[in-house]
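Residue numbers for the sequence shown follow the working numbering, beginning at 103 and rising by one.
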Amino acid sequence: MVTMQIFCEKDYDAMSRRAAQIIAAEIVHAPGCVLGLATGSTPEGAYKYLVDWCKAGLLSFRDVRSVNLDEYKGLAPDHDQSYRYFMQRNLFAHVDIRPENTRVPDGLAADPDRECAEYDAYIQSLGYVDLQLLGIGRNGHIGFNEPGDCFIRETHVVDLAESTIEANSRFFASPDDVPKQAISMGIGAIMGAKRILLAASGADKADAIYKTVCGPITPRCPGSILQLHPNVVLVADEAALSKVNAAS
Ligand code: GLP
């Protein structure tokens, strides 16, 4: 049974605009809100809209706090494929968010387990996330919670799936350059968010979106846990929703 609110948009740009509107509405409603942010090609368009609206004086990130979903293990913040670098380039450097109010897991942490524990403690200290933006992997991963035998509650170090390494190799010179591990927020913090905004675009996400929305709730498709969250908005284009629409 489909309980999520679903926006079916024509294409990537319309999906991006709708996602940005939902994020902007959250900020206008609660200027000091905690945003859970995502990386990847899916949210880039939404971030562009948010930057434009901020530059036009329609929106301010002055009191917003943010936590990111994940970071590659072993990449420095200034590595051009690190997620910290992505956030700087696509959002943080162009809006009035305070740098000290942004947090991305430290991919270079000397003690990764401690970094994970501190990350969860930080999210808890913020009172959890108000609006969590999520993309989805072709294999159904959210953040870097890869398909497996169980859902992992805490922020953790994850071995990336071969399919994820292959999918993300488009950003690196060769698949060998893609880090094999990452630090990812766990399912506990994601599901602890008061509201979740899942964004998806393109036919290569249609299967993952179908399983997330209509499939059994299983760690084999981590996105499917979102069916248990009471406040999820899915914003997707027609291509990503094609299998859901065909089934309903
Ligand atoms: C990445 C990220 C996810 C992202 C997903 C899809 O590896 N860890 O947070 O949602 O894969 O990425 P894209 O939006 O580029 O398709």
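C-beta atoms are modelled at their ideal positions from N, C-alpha and C, and glycine is treated no differently.
- Using a Cβ distance threshold of 7 Å, R297 and A269 do not count as a contacting pair.
- Apart from sequence neighbours up to five positions away, the residues of its chain that approach C218 with a beta-carbon distance below 8 Å are P207, E256, T257, H258, V259 and I285, ordered along the chain.
- In chain order, the residues with a C-beta atom nearer than 6 Å to some heavy atom of ligand 1 are A140, T141, G142, S143, T144, L171, D172, G237, I238, G239, G245, F246, T266 and N270.
- Taking the CA atoms as reference points, C252 sits about 26 Å from S271.
- Put simply, of A126, Y185, R120 and F109 the residue whose alpha carbon is nearest the alpha carbon of V169 is Y185.
- It is roughly 22 Å from the alpha-carbon of I238 to the alpha-carbon of D182.
- For I244, same chain residues with a beta-carbon under 7 Å away, outside a window of 5 residues either side, are L236, I238, I292, P324 and G325 in chain order.
- In terms of Cβ geometry, Y151 and A178 do not form a close pair [threshold 7 Å].
- The DSSP-derived three-state label of H331 is coil.
- Excluding the 5 residues flanking it on each side, Y149 has same chain C-beta neighbours closer than 7 Å at N192 and L193, in chain order.
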